[in-house]
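Novice: According to this note's numbering, the sequence shown is numbered sequentially starting from -13. Built from N, CA and C at the ideal position, the CB exists for glycine as well.
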Amino acid sequence: MTRSAIGALGVALSLAAFATIPARAHDYSVGPLKITHPWARATPPAAKVGGGYLGIENTGPTPDRLIGGSTEAAARVEIHESSLNDGIMRMREKTDGIVIPSGQKVEFKPSGLHLMLVELKAPLKQGDKVKATLLFERAGSVVVEFQVQGVGAPQPAPAEHTGH
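Written out as structure tokens, the structure reads:
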């Protein structure tokens, strides 16, 4: 192999290694909890609410509970659950929070559990990053960054967030 080919290979390998760093940077930990791929959907200009989605895995021996959150992007963050009852989609606030059982993962996704960003201060635009603090009963608080996807974006597959 020529010296220039070896150099090019070295550069390519270095770039490939750095390409994976943002994916890992988009996952967060607090105590035994692993928070994966926080994302939100873009909102129409006049929208007063937005939704936040993520995965929370509890690798510890005891359950924990997501009890709240906050963000400068909205007046408040509420935990909600949507469910289909008799053909009608209903949403309700989970005022007691959401238990994250030991050894399990809870997914916050469209048409299910989600974080509701209430009284948005500005529309969420595709490509934006929204910082938020999540508060857990045992593990405490952690700052995460929600990546804003398109208005009708489906839940990204785990491998899809590697480009962030």
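Buried or exposed: which applies to L120, given that a residue is buried once 16 or more other Cβ atoms fall within 10 Å of its Cβ?
Specialist: Classification for L120: buried.
Novice: Out of curiosity, what's the CA-to-CA distance linking A59 and Q133?
Specialist: Distance between the alpha carbons of A59 and Q133: 13 Å.
Novice: Do G54 and G17 have their CB atoms nearer than 8 Å?
Specialist: Contact flag unset, no.
Novice: Taking the alpha-carbon positions, what's the G73 to K95 distance?
Specialist: Their backbone Cα atoms lie some 19 Å apart in a straight line.
Novice: Around the C-beta of A125, are 16 or more other C-beta atoms found within 10 angstroms, so that it is buried, or is it exposed?
Specialist: It counts as buried.
Novice: Could you tell me which whole alpha helix (DSSP H) segments of length 4 or greater appear in the region 60 to 112?
Specialist: The qualifying runs do not exist here; there are none.
Novice: Per DSSP, which residues does G54 bridge with? Please list them.
Specialist: Bridge partners of G54: L121.
Novice: Start and end of the beta strand (DSSP E) containing P18?
Specialist: No beta strand (DSSP E) contains P18, which DSSP labels as neither H nor E.
Novice: Can the beta-carbon of L40 be found closer than 8 Å to that of H12?
Specialist: Result no, Cβ atoms of L40 and H12 do not sit closer than 8 Å.
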